[in-house]
Amino acid sequence: MDFRNLNEDIFRVAGEMSEVASYLWQKGWAERNAGNMSVNISEFITPENAAAIANDNPPFYSLPLSLPALAGNYFLVTGTGKRMRDIARDFDHNAILIRVSDDGNGYLLIKYDPSQPNLMPTSELPSHLSIHEQLVTEGKRERTVVHTHPNELVSLTHIRDYCDQEALNNLLWGMHPETMVVVPEGAGFVPYLLTGSLEIAEATLQKFKHHQVVVWEKHGCFAIGKDVFEAFDLIDTLAKSALIYFQCRTAGYQPEGLTQEQLADLKVLSEKFKS
Ligand code: 2HA
Ligand code: ZN
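According to our numbering, the sequence shown is numbered sequentially starting from 60.
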């Protein structure tokens with residue numbers, strides 16, 4: 060499995076995914092096989108790469124959804140059941156290159172290795188690809204999707220009051236000024252649904268129309284970014300706010316939080332950063 064070596068851009072993206080996989084593990088957000096990542100690398104595939112890949116006659120797998128905007132697109136994705144700590148150490152044996160078929164109804168497993176028949180894309184592939192489909196359709200700049208289980212954010216969604224998007228974001232923004240600056244749209248919130256289902260993929264998609272991070276009740280979160288570092292930073296910033304909240308509570312007091320006026324000033328600041 061040498062798909063990393065197709066060209067130096069793909070080699071770099073694989074390195075970035077390995078680096079973020081190690082952060083997720085070190086953060087304690089990636090127990091066992093928890094979490095998954097995908098990056099749309101179509102822009103880096105040269106005609107020579109595409110021809111070499113086609114010659115390999117890769118196996119085809121159908122998908123329960125149609126992805127017309129992704130027809131022919133290439134993705135690096137983490138493998139199902141694979142550990143983030145193993146992805147960090149040995150990307151080639153724990154991640155895969157796929158190409159969405161020309162009809163958009165399935166994908167081809169590139170550089171399929173018969174000695175590793177269990178190396179298949181993440182169980183959350185329907186969520187990942189439907190998010191990528193929306194990103195491409197809407198002409199968005201983001202090309203990566205990261206899913207992980209941040210303890211701090213999951214803990215918050217065990218509190219009924221914070222299973223409400225507005226309340227959740229007001230709490231997170233209020234815990235640290237940078238949170239409003241880095242995540243001014245806040246997180247989208249998806250109430251509990253079965254993981255890996257089309258229902259959760261659809262609900263997540265709706266939230267990504269207006270947010271870069273989507274929190275799944277009692278499970279974890281998804282983030283999009285132009286690269287995996289941007290997606291990681293968004294989650295890390297929100298998780299820090301949640302941690303500050305719990306540290307205050309553990310110390311025996313209810314945190315004061317920033318005032319609505321202070322938050323409004325920070326929102327103006329975040330808009331300045333964007334322009
Ligand atoms: O990849 O995190 O949600 C395992 C999961 C499923
Ligand atoms: Zn998960």
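Even glycine gets a Cβ: it sits at the ideal position worked out from N, Cα and C.
Taking 9 angstroms as the cut-off, the beta carbon of residue 327 is found no closer than this to the beta carbon of residue 203.
Counting only runs of 4 or more residues that sit fully inside the region 207 to 232, the alpha helix (DSSP H) segments are 210 to 215, in chain order. Boundaries of the beta strand (DSSP E) around residue 99: 95 to 99. Using a Cβ distance threshold of 9 angstroms, residue 207 and residue 279 count as a contacting pair.
Residues whose Cβ lies closer than 7 angstroms to any heavy atom of the ligand ZN, listed in chain order: 93, 94, 183, 206, 208, 254, 278, 279.
When secondary structure is reduced to three states using DSSP, residue 310 falls in the coil class, being assigned neither helix nor strand. Looking at the DSSP output, residue 121 bridges to 165. Residue 63 counts as buried, since at least 16 other C-beta atoms from the protein chains shown sit within 10 angstroms of its C-beta. Cα atoms of residue 192 and residue 186: separation of roughly 10 angstroms, rounded to the nearest angstrom. For the region 278 to 307, the full-length beta strand (DSSP E) segments reaching 3 residues or more read 279 to 284 along the chain. As the crow flies, the alpha-carbon of residue 160 is around 30 angstroms from that of residue 249. For the pair residue 190 and residue 312, the Cα-to-Cα distance works out to about 39 angstroms. Across the set 310, 178, 243, 298, the C-alpha of 243 shows the shortest separation from the C-alpha of residue 269. In this structure the region 313 to 324 does not lie against the region 253 to 270, because fewer than three pairs of beta carbons, one per stretch, are closer than 8 angstroms.
In the DSSP assignment, residue 133 is bridged to 158. A distance criterion of 8 angstroms places the beta-carbon of residue 181 in contact range of the ligand 2HA, judged by its closest non-hydrogen atom.
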